[in-house]
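Colleague:
Numbering (this note's numbering), first residue to last: 10 to 426.
1) Under 8 Å between the Cβ atoms of residue 383 and residue 54?
2) Please report the distance separating the alpha-carbon of residue 125 from that of residue 329.
3) Is the region 366 to 373 close to the region 268 to 277, with three or more CB pairs under 8 Å?
4) When the Cα of residue 251 is compared with those of 401, 68, 94, which residue comes out closest?
5) Which of the three DSSP states is assigned to residue 182 in this structure?
6) Would the region 146 to 153 count as touching the region 293 to 313 if we require 3 or more Cβ pairs under 8 Å?
7) Do residue 63 and residue 17 have their C-beta atoms closer together than 8 Å?
8) By the three-class DSSP mapping on this structure, what secondary structure does residue 234 have?
9) What is the C-beta distance between residue 199 and residue 88, in whole angstroms, given that I count them as a contact (C-beta under 8 Å)?
10) Between 263, 131, 270, 322, which has its C-alpha nearest residue 15's C-alpha?
11) How long is the line joining the alpha carbons of residue 371 and residue 361, rounded to whole angstroms?
12) Return helix, strand or coil for residue 118, following the three-state DSSP convention.
13) For residue 8, which option in 41, 397, 416, 393 has the closest C-alpha, if you only look at C-alpha atoms?
14) Counting Cβ pairs, one atom from each stretch, are 3 or more of them under 8 Å apart for the region 278 to 289 and the region 172 to 187?
15) For residue 418, does the three-state DSSP call read helix, strand or coil?
16) Taking residue 111 as the reference, give the member of 39, 95, 96 with the closest Cα.
17) Counting Cβ pairs, one atom from each stretch, are 3 or more of them under 8 Å apart for the region 18 to 37 and the region 204 to 218?
18) Do you know offhand how far residue 305's Cα is from residue 176's?
19) When you compare the CB positions of residue 8 and residue 350, do they come within less than 8 Å of one another, or not?
20) One question on the structure: do residue 339 and residue 255 come within less than 8 Å of each other, judged by their Cβ atoms?
21) Entirely within the region 93 to 148 and at least 4 residues each: give me those alpha helix (DSSP H) ranges in chain order.
22) Pull up the distance between the alpha-carbon of residue 425 and that of residue 75, whole angstroms please.
23) Using alpha carbons as the reference points, say which of 97, 170, 347 lies closest to residue 113.
24) Counting along the chain, where does the alpha helix (DSSP H) carrying residue 390 start and finish?
25) Out of 30, 73, 94, which one is the CA nearest neighbour of residue 20?
26) On the premise that residue 247 lies in contact with residue 164, defined as a C-beta separation below 8 Å, what is that separation, rounded to the nearest angstrom?
27) Go through the region 187 to 221 residue by residue and report every complete run of the alpha helix (DSSP H) that reaches 4 residues or more, in order.
28) Measuring alpha carbon to alpha carbon, tell me which of 85, 409, 127 ends up nearest residue 309.
29) Counting C-beta neighbours from all protein chains within 10 Å, is the total for residue 69 16 or more, i.e. buried, or is it exposed?
30) Give every residue of the same chain whose Cβ lies closer than 8 Å to the Cβ of residue 220, excluding the five residues on either side of it in the sequence, and list them in chain order.
31) If we count the other Cβ atoms within 10 Å of its Cβ and call it buried at 16 or more, is residue 455 buried or exposed?
32) Less than 8 Å between the C-beta atoms of residue 406 and residue 313, yes or no?
33) Looking at the secondary structure, which residues open and close the alpha helix (DSSP H) in which residue 35 lies?
34) In angstroms with no decimal places, state the Cα-to-Cα distance between residue 140 and residue 115.
35) In the DSSP assignment, find the unbroken alpha helix (DSSP H) run with residue 378 in it and report its ends.
Take a look at the structure:
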């Protein structure tokens, strides 16, 4: 069950990782005539486009998942994500086909975003609807372990290819290899998903003829449902900016702003990521013990207290201090990873759960997740301060801290019917 759920999530975040790691090379391949900063901003803007499509994906896949079931929907999603990722690796560059190259890149990133709009929310629901109430937070948190593992795998694959090839070969064709590798991994994931059973919760709704005819309309109808979306948003917010700063923005930040080598940047990101992979399921278990709202409060407080010291260490220019800075960021990020999917999906009834969770996450991911690398790069450019992304991160978690004092608890309770 866990393997089936994490397969598509791994592919989704592996793609985001290799795109972020390859950003400087992709910038030259698809935007060769631009100023280096403008080219990099353009590349991160295309990265953000996938998140622009995520709300649409949430509004499309969510109702489909609530209508035809979790299993069939997640199988279709992993197939589409895999195809789009492989096709990115096959696009001729700007020198070969001109403006058609960046256009094709934009279209495929939009397809990826459309698919991703339903992936992780749907996978979390799949696990949660199979899991016992007292272990729900812990079991769902393994999806976030998969996201970190996917990012680290993508970064390692990109680094390995770069180490084995010359700069010219890397710029010419080597950057394509990590994208092409998504093909066989996606096929394996699709096979696993086709072999698992549908969730008991959806089977029950289908058996009782309680499937919503129009899940999106049902999810958006009434103040109560809209309020639940707002509460779900409070849990999603802390992880969106922090995770993409840590895993997508940092490789470029450490090389461009701190003048670390690619290998050094990879090393300290790998250290922080490894700590995340260990910490996430621990925080998932903690959320089952102390509750979702208390952990949300502690997480937001952790970001407020630790972010500025973390960025000061990152800007020290010293390897050990930079590694410590990333670890400081990784700790509250791990707590946020463990405590967003479960409490969000716990707020919705079965027949609108996929729609409510995916739509809320998709909108927020577009506004805050996908834009995080772009906004951070832009803030550094206009302020001249490498601390600017940290201040931005703190501002994005403040609403969640406020909500944590009055949101109702959902841990260790049966999912709403």
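All residues carry an ideal CB built from backbone N, CA and C; glycine is no exception.
Modeller: Reading from the atomic positions:
1) By 1-based counting over the chain shown, the position of residue 383 is 374. By 1-based counting over the chain shown, the position of residue 54 is 45. Yes, they are a contact pair.
2) Residue numbering aside, residue 125 sits at position 116 when the chain shown is read from its first letter. Residue numbering aside, residue 329 sits at position 320 when the chain shown is read from its first letter. One C-alpha to the other measures close to 35 Å.
3) The region 366 to 373 is not in contact with the region 268 to 277.
4) Residue numbering aside, residue 251 sits at position 242 when the chain shown is read from its first letter. When each option's Cα is compared against that of residue 251, the closest is 401.
5) As a working note, residue 182 is residue 173 in the chain shown. Of the three classes helix, strand and coil, the one that applies to residue 182 here is coil, per DSSP.
6) Yes, since at least three Cβ pairs between the region 146 to 153 and the region 293 to 313 fall closer than 8 Å, the two stretches touch.
7) The residue given as residue 63 occupies position 54 in the chain shown. The residue given as residue 17 occupies position 8 in the chain shown. With contacts defined by Cβ atoms closer than 8 Å, residue 63 and residue 17 do not form a contacting pair.
8) Counting from 1 along the chain shown, the entry for residue 234 is found at position 225. Reduced to three states, the DSSP call for residue 234 is helix.
9) Mapped onto the chain shown, residue 199 falls at position 190. Mapped onto the chain shown, residue 88 falls at position 79. Yes, they are in contact, since the Cβ atoms of residue 199 and residue 88 sit about 6 Å apart, within 8 Å.
10) Counting from one through the chain shown, the residue named residue 15 turns up at place 6. Nearest Cα to residue 15 within the set 263, 131, 270, 322: 131.
11) By 1-based counting over the chain shown, the position of residue 371 is 362. By 1-based counting over the chain shown, the position of residue 361 is 352. Approximately 15 Å, taken between the alpha carbons.
12) Locating residue 118 in the chain shown gives position 109, where the first residue counts as 1. It is helical.
13) This structure gives no information on residue 8, because the portion of the chain shown stretches from 10 to 426.
14) Result no; under three Cβ-Cβ pairs closer than 8 Å.
15) On the chain shown, position 409 is the one that residue 418 refers to. Looking at residue 418 - three-state DSSP - the assignment turns out to be coil, as it is neither helix nor strand.
16) For this step, residue 111 is matched to residue 102 along the chain shown. It is 39 whose Cα lies nearest to the Cα of residue 111.
17) As far as the Cβ criterion goes, the region 18 to 37 does not touch the region 204 to 218, which means the pair count is below three.
18) The residue given as residue 305 occupies position 296 in the chain shown. The residue given as residue 176 occupies position 167 in the chain shown. So the alpha carbons of these two residues sit roughly 45 Å apart.
19) It is not possible to answer for residue 8, since the shown part of the chain is limited to 10 through 426.
20) One-based indexing of the chain shown puts residue 339 at position 330. One-based indexing of the chain shown puts residue 255 at position 246. Their beta carbons are under 8 Å apart, which means residue 339 touches residue 255 by this criterion.
21) Counting only runs of 4+ residues, the alpha helix (DSSP H) found wholly inside the region 93 to 148 occupies 103 to 106, 109 to 139, in chain order.
22) Start at 1 with the first residue of the chain shown, and residue 425 comes out as number 416. Start at 1 with the first residue of the chain shown, and residue 75 comes out as number 66. Each residue's alpha carbon lies about 14 Å from the other.
23) Here residue 113 refers to the residue found at position 104 of the chain shown. In terms of CA proximity to residue 113, 97 leads the group 97, 170, 347.
24) Position 381 of the chain shown, counted from the start, is the residue given in the question as residue 390. Taken as a continuous stretch (DSSP letters only), the alpha helix (DSSP H) holding residue 390 covers 381 to 392.
25) Taking the first residue of the chain shown as 1, we reach residue 20 at position 11. For the residues 30, 73, 94, the minimum Cα distance to residue 20 belongs to 94.
26) Here residue 164 corresponds to residue number 155 of the chain shown, with the count starting at 1. Here residue 247 corresponds to residue number 238 of the chain shown, with the count starting at 1. For residue 164 against residue 247, the beta-carbon gap comes to about 23 Å, at or over 8 Å, which does not count as contact.
27) For the region 187 to 221, whole alpha helix (DSSP H) runs of length 4 or above, ordered along the chain, are 191 to 204, 209 to 216.
28) Looking up residue 309 in the chain shown gives position 300. Among 85, 409, 127, the Cα nearest to that of residue 309 is on 409.
29) As a working mapping, residue 69 is identified with position 60 in the chain shown. By the neighbour-count definition (other C-beta atoms within 10 Å, threshold 16), residue 69 is a buried residue.
30) Numbered from its first residue, the chain shown carries residue 220 at position 211. A distance below 8 Å between beta-carbons, with the five flanking residues on each side excluded, links residue 220 to the following residues of its chain, in chain order: 75, 76, 214, 360.
31) Residue coverage of the chain in this structure runs from 10 to 426, which leaves residue 455 outside it and unanswerable.
32) Along the chain shown, one-based indexing puts residue 406 at 397. Along the chain shown, one-based indexing puts residue 313 at 304. Cβ atoms of residue 406 and residue 313: closer than 8 Å.
33) Translated into the one-based positions of the chain shown, residue 35 becomes position 26. In the DSSP assignment, residue 35 falls within the alpha helix (DSSP H) that extends over 32 to 39.
34) Position 131 of the chain shown, counted from the first residue, corresponds to residue 140. Position 106 of the chain shown, counted from the first residue, corresponds to residue 115. Looking at the two C-alpha atoms, the distance is approximately 38 Å.
35) By one-based count along the chain shown, residue 378 stands at place 369. Here residue 378 belongs to no alpha helix (DSSP H), and DSSP marks it neither H nor E.
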